Each structure stands twice: as C-alpha cells, then as structure tokens.
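**Student:** Chains as they are written, first to last, in the numbering used here: chain A, 60 to 370; chain B, 960 to 1269. Ideal Cβ positions, reconstructed from N, Cα and C, are used throughout, including at glycine. For clarity, every value in this text was computed on a predicted model and none was experimentally measured.
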C-alpha cells in the first residue's frame, strides 16, 4: 500500500463517519476487536515470516536459535543456491512451473470455451449439456473408478494424468457462464449482424470484457496446478517426475532424502536436508502464490459471489 | 406441417445456427465424459470380484458380497466414525468462525483496513495442504517455534503434531487457518446486501447493537448459512483427503483414518479395488442422499436450498 505524503492540512478521516444512530463502541469492545484482528493477521503472517527468515539465515544463526529463527541474525542465500543448483528440488520446480503454465492455459481455455458455448439462452441442447456439467458437482465417481480409468487410458505415470482428470471444474465454468450471461445480448447481437462468427464474438468482444473474471479463474486453476499433490501422489510412480509439492512432503515434512530420484539428484543419499534448506523449499512453494495473488485478489469477491449467487 | 415436424425443423435450424457453440462445449464434455461419467460406470466393480488382469468387462459379478464384507469390517467403521466425528466437530467449531470473522470485519469503518485484513485472511486458502501442514509442523511440532520457546523457558514440551488424542483439534485448527478467511467471503457478500435503512429503523425503535445483530443481521445471513450447512452435510463423509493422508504417518491410523484414506489404502495400496470401490460407492451414495435430504429439509423450512424445485 502506497504511503500518501503527509500534507500540512489536517488529515482527513479516511473512513466515513459513523452513522448518527449508531452508538460509539465501548472501549472494551474496541480493544477486543483490535486484539482479535491483530491476532488473526499475525496468525497468517508470523509463520511465513519465520520460514522466510530461517531460509535466509546462516547455519550458525539457526544453531544459536535452536531451530527456527525468529529474530534476524545474519543473512545468506546459501540454502537457495544449494537447492537451485540442479538437484531434485530444481527439477521439481521446473516440473511444477511447466505443469502450472500448461495446465492453467488448458483448463482456462476449455472453461472459457464451454462457458461461452453454454451461455446463450435457447441454444441447441444447452440445457442437457449444462445439466451434465452441473451433475459433476453433485456426485463424484469416486477414487477407485477414477484411478482405474486413468490406468485404462494408459495415463499412469504421465503428466497428462495430472491435467486431464481434473481439467475442468464445474464451479469455475458456472462462474464464467454467469458472467458471460450478464453481458448485454444487444452487444453480441450487433456483432452477429455485422457478420462476426461465435468464435470471433468470444475472442474480440466477450473476452476483453471479462478480463477480471478470466484472471480469477486462471488464478484458481493456476493455484490448483501449483499445489497439485493428490493427482501426482496417486498417479506418478517415478520420483523424477515429482512436482514440488511431493518433494515438499517427502523432503521437508517427513525430512527424508528422496530415494532413487535418478542421476540428476545431488542430494539424495547425502546428508539430511538442513533446516534452512527445508525452509527454502517451503518459500519456493509459497512464492508464486504470493507473487500473483495481489494482482488478482481484488477481483475475488466479485467472481466468487457471481458463482455462488447465480449458480 | 404437424407439430412434431415443426419442432424437428426448428431443432434442425437451431443446430445449424448453434453448431459453433456446440463445438466449443465439446472438449469439456469429452473430458468430463472420459474422467467423470466413464468412471461413474466403473463403480460396477463394487459388485464384482474385480481382477485387474481380466478387467471390468470380464470380472464376475458377486452381488453385494463386497458390501457385506465392508459392513463387517471394524476398520471401515472406525474410518466412518472418525469421519463423522470430525465432521460433527467441525460443524460446531469451524463452521461459525467465518461468520464471526465476517461480522467483525464488516463492523470496521475503514474501507482500507477492511481490504487489508481480507487480503491477509484469504491468502492461506491458496496454500497447498502440504504447505499448511508443514507450516503447522514448524510452529507446533516437536522442534517448532512454540516448543522451542517452551524449552528455553523450561516449561516442558507439548507435541501437538503427533498426538492422536488432540488430532481432531489439530485438523480443525489447520482447517480454520487455511479456509476460515475464504469461507468468510460469502457472508461478507450477504452482509453487504443488507439495507442500511433497516439498521437505522431498528436503532430508532430503540434496538441496541445486539438486538440489531439478532433481528437484522442474522436474518440476512440465514439463507447463506442454510445453504452452506446443506453443502457441508452433503460432504459429511468427506473431510478431505490430503490433510489426513499427510498426517496419517505422524498421528497413527486409529485417529486419522477417514473414509477417503481408507478407500485409498484398501484399493490403491493393497490392490483390493472392488472392495475399496464398494467403500467409495457407499460414501458417494450416502453423500448424495444426504444432500438431497438436507435440501428437502431446507425447502420444508421455507428456505431456498442449493437448487430450487423447478
């Protein structure tokens, strides 16, 4: 948040005045609220602060602190150099990045196309098709049959198994569709009169109007792929193919070197990961989320509410 | 032309007009067909003596034998019990948190502060379970910040990450940390639609803060609360997979085995696909019945529910 320069004039109140009919809060109530909200913010911020700080601390500082570092005490990028110098972690970061970029593109494209395809009232067969999409909300096929299907398609241990089974989320589709339907029909009709085809209308007219929603949906998918654990855990048997979350689990949560991660692995079989290294992996897992989040965050409420209310 | 012929002609006309739209929906329908509806059919293995070597089509049907074995298995009932226990616990201790959080944040006058706190509390929703559990481990685990503090002040240690007795508290705390902020969005939206005149009128009529909360704010939230309760009830048998899978090793099977992990271990790990498929189907069907039942109940209470009757 940008600080506004202090001006000579008395500062204006930043919030509207309390309505006349509402009584002033009691000092006790005010304090309680402040304490609660401070604690809530700290509960989120403190763990992240400690993790980042520890990942940037030299080993001596970690030893001195007897574990995670809570007060700054020295500074080094050694842990990051170690994990990004071509070992398992580096590889998993690349896998996760590729999976996230490709998966997000794929899922968002499919969702946008289908949402637009289902957004015209009275179009051919849109009711049964929409119903088929919505039904996936209500009843899942279950873990075992899904696993057997992925197996039957020969997708076990392939990256496709991380993308295809969960490629389209009905919720996202419904949110998109609701937004598309809120675009005045006169607009698309006029384009149609000018001779634009459906695809043209979608790309030149509807999508530019839906940047915010598309960004939110893409973020949802992107975060999903970046956080992908379950599918990878279920379908991938080769450690070489592991995305970051699986490495995070084995390496950091369980604190064991990754066995048989192949010749590229410079860490497995070696010493146990140090705390700084572990925390550096954690930071890598959070970083992209923290990076993209601020840009998309302000659109959340709109996107989610459209989906929840109209869906 | 007869009515039917007219309708057929109309359908042909619409098909000719709308085929580009259908083409756009096609990839999604294909994906859903292949990875949702096809597996749905795959549930027949629950009634088979399924063998991966002969496949679904050739495996012999055995009726309800798998279910009989399932219902006679104490491990299955333990997993069901754990799942229902956690659902019930979370209904009481997790469910109200987003509502309370929304009420507090909604009462702030400063728009900027509101936005700041919202941004912070939404954030953990976007972290993976692995990350959340890792962070909890680093805070509360044996070598974590809390225990470190306790040790340096000679206060002993409490290991919250591996204690089966407090596991239910732990998973609820993790759930709150991760998703309470996110769950708040929908309540904030409901609160923002409340007509401010109602508050003023109530205040003029002499209603104090708490009465206004009770008579104006809460009624506005009731439809959302009912909706979310229904959805939660429909999910009563699924408390999430990753969270439990990841902590199963540390906490032990007795406390942390839920239906999802049970299905996974029986099926994928032990290779007993038909049996695990029966457990999964049981869970799915009961879940569906719960949603339909809860939705019906909501209608009887005069609420809208998840979907309307029409």
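Does the distance from the CB of residue 255(A) to the CB of residue 1079(B) come in under 9 Å?
**Tutor:** No, they are not a contact pair.
**Student:** Which one of 1016(B), 1230(B), 1255(B), 1063(B) has the shortest CA to CA distance from residue 1345(B)?
**Tutor:** Since the displayed chain B opens at 960 and closes at 1269, residue 1345(B) lies outside it and no answer follows.
**Student:** Looking only at its chain, what residues have a beta carbon closer than 7 Å to the beta carbon of residue 347(A), apart from the 5 residues adjacent to it on each side?
**Tutor:** Taken in chain order, the residues that qualify are 285.
**Student:** Whose Cβ in chain B lies nearer than 7 Å to the Cβ of residue 176(A)?
**Tutor:** Per Cβ cutoff of 7 Å: 980, 981, 983, 984.
**Student:** Of all the CB atoms in chain A, is at least one closer than 9 Å to the CB of residue 1004(B)?
**Tutor:** True, the Cβ-Cβ gap to chain A drops below 9 Å.
**Student:** Mind listing which residues of the stretch 1210-1231 of chain B have their C-beta closer than 8 Å to chain A's C-betas, in chain order?
**Tutor:** Result list: 1219, 1222, 1223, 1226, 1227.
**Student:** What does residue 977(B) reach in chain A if we use C-beta pairs closer than 7 Å?
**Tutor:** The contacting residues are 182, 183.
**Student:** For residue 1020(B), which of helix, strand or coil comes out of DSSP?
**Tutor:** Looking at residue 1020(B) - three-state DSSP - the assignment turns out to be strand.
**Student:** I'd like to know whether the C-beta of residue 106(A) is nearer than 9 Å to at least one C-beta of chain B.
**Tutor:** With 9 Å as the cut-off, residue 106(A) counts as an interface residue toward chain B.
**Student:** Should the stretch 983-993 of chain B be called in touch with the stretch 174-193 of chain A, which here means at least 3 C-beta pairs below 8 Å?
**Tutor:** The stretch 983-993 of chain B, when compared against the stretch 174-193 of chain A, does touch it at the 8 Å Cβ threshold.
**Student:** Could you tell me which of 1259(B), 1025(B), 1243(B), 1068(B) sits nearest to residue 196(A), measuring between CA atoms?
**Tutor:** It is 1243(B).
**Student:** Of all the residues that make up the stretch 142-168 of chain A, which are near chain B by a beta-carbon distance shorter than 9 Å?
**Tutor:** So the close ones are 168.
**Student:** Return yes when the Cβ of residue 100(A) is within less than 9 Å of the Cβ of residue 1076(B), no when it is not.
**Tutor:** Result yes, Cβ atoms of residue 1076(B) and residue 100(A) sit closer than 9 Å.
**Student:** Take the Cβ of residue 89(A) as the centre, count every other Cβ of all protein chains shown within 10 Å, and call the residue buried at 16 or more, exposed below.
**Tutor:** So residue 89(A) ends up on the exposed side.
**Student:** Can you list, in chain order, the residues of the stretch 993-1019 of chain B whose Cβ is nearer than 9 Å to any Cβ on chain A?
**Tutor:** Result list: 993, 994, 995, 996, 997, 998, 999, 1000, 1001, 1002, 1003, 1004, 1005, 1009, 1011, 1014, 1015.
**Student:** Using a C-beta cutoff of 9 Å, does residue 242(A) count as contacting chain B?
**Tutor:** So, not an interface residue.
**Student:** Residues in the same chain with beta-carbon distance under 8 Å from residue 280(A), minus the five sequence neighbours each way, listed in chain order, please.
**Tutor:** So the list reads 162, 163, 166, 167, 170, 228, 231, once near-sequence residues are dropped.
**Student:** Strictly by DSSP, which residues pair up with residue 1007(B)?
**Tutor:** Answer is 1020(B).
**Student:** Hey, residue 1119(B) and residue 1109(B) are a contact pair by Cβ (cut 8 Å); roughly how many whole angstroms apart?
**Tutor:** Residue 1119(B) to residue 1109(B), Cβ: 11 Å. No contact.
**Student:** Could you give the uninterrupted runs of the alpha helix (DSSP H) lying entirely in the stretch 263-328 of chain A, keeping only those of 4 residues or more?
**Tutor:** Those alpha helix (DSSP H) runs which fall completely within the stretch 263-328 of chain A and span 4+ residues are 270-285, 289-294, 303-306.
**Student:** Of all Cβ atoms in chain B, is any one closer than 9 Å to the Cβ of residue 170(A)?
**Tutor:** Taking Cβ atoms only, chain B reaches closer than 9 Å to residue 170(A), which makes this a yes.
**Student:** Anyone know if the C-beta pair for residue 1227(B) and residue 142(A) falls short of 9 Å?
**Tutor:** No; because the gap between Cβ atoms is not below 9 Å, this pair is not in contact.
**Student:** Taking only three categories from DSSP, how would you classify residue 1207(B)?
**Tutor:** Helix, per DSSP.
**Student:** Starting from residue 1136(B), follow the alpha helix (DSSP H) in both directions and report where the run begins and ends.
**Tutor:** Its alpha helix (DSSP H) spans residues 1126-1151.
**Student:** Whose Cβ in chain B lies nearer than 9 Å to the Cβ of residue 82(A)?
**Tutor:** The answer, in chain order, is 1162, 1167, 1168.
**Student:** Between residue 326(A) and chain B, is the shortest Cβ-Cβ distance under 9 Å, so that the two count as touching?
**Tutor:** Because the pLDDT at residue 326(A) is just 46, under 50, the model does not fix this residue reliably, and the value given afterwards should be weighed accordingly. Closer than 9 Å: no.
**Student:** Between 1245(B), 1147(B), 993(B), which has its C-alpha nearest residue 1195(B)'s C-alpha?
**Tutor:** Answer by Cα proximity: 1245(B).
**Student:** Would you mind giving the Cβ-Cβ distance between residue 263(A) and residue 239(A), rounded to the nearest angstrom? I have them listed as a contact below 8 Å.
**Tutor:** So it is not a contact: roughly 14 Å between Cβ atoms.
**Student:** Within 10 Å of its beta-carbon, does residue 1209(B) have 16 or more other beta-carbons around it, so buried, or fewer, so exposed?
**Tutor:** Residue 1209(B) is buried by the Cβ-count criterion.
**Student:** Taking 8 Å as the cut-off, does the stretch 140-158 of chain A touch the stretch 294-306 of chain A (at least 3 CB pairs, one atom from each stretch)?
**Tutor:** Flag = yes, the stretch 294-306 of chain A and the stretch 140-158 of chain A touch.
**Student:** Under 9 Å, Cβ to Cβ, is there at least one residue of chain B near residue 320(A)?
**Tutor:** Caution is warranted here: a pLDDT of 47 is assigned to residue 320(A), below 50, making its placement in the model unreliable, and the coordinate value is therefore given only provisionally. No, because no Cβ of chain B sits closer than 9 Å to the Cβ of residue 320(A).
**Student:** Evaluate contact between the stretch 1033-1045 of chain B and the stretch 1210-1221 of chain B, counting only Cβ atoms and requiring at least three cross-stretch pairs below 8 Å.
**Tutor:** Verdict: yes, contact present.
**Student:** Which chain B residues sit within Cβ distance under 9 Å of residue 290(A)?
**Tutor:** None at all; the shortest Cβ gap to chain B is about 11 Å.
**Student:** Find the residues of chain B that neighbour residue 280(A), judging by a C-beta separation of less than 9 Å, and give them in chain order.
**Tutor:** What residue 280(A) touches in chain B: nothing, since even the nearest Cβ is about 12 Å away.
**Student:** Taking residue 1115(B) as the reference, which of 1121(B), 1101(B), 1125(B) has the closest Cα?
**Tutor:** Of the candidates 1121(B), 1101(B), 1125(B), the one whose C-alpha sits nearest the C-alpha of residue 1115(B) is 1101(B).
**Student:** Does any CB atom of chain B fall closer than 9 Å to the CB of residue 301(A)?
**Tutor:** For residue 301(A), the answer is no, since every Cβ of chain B falls outside 9 Å of its Cβ.
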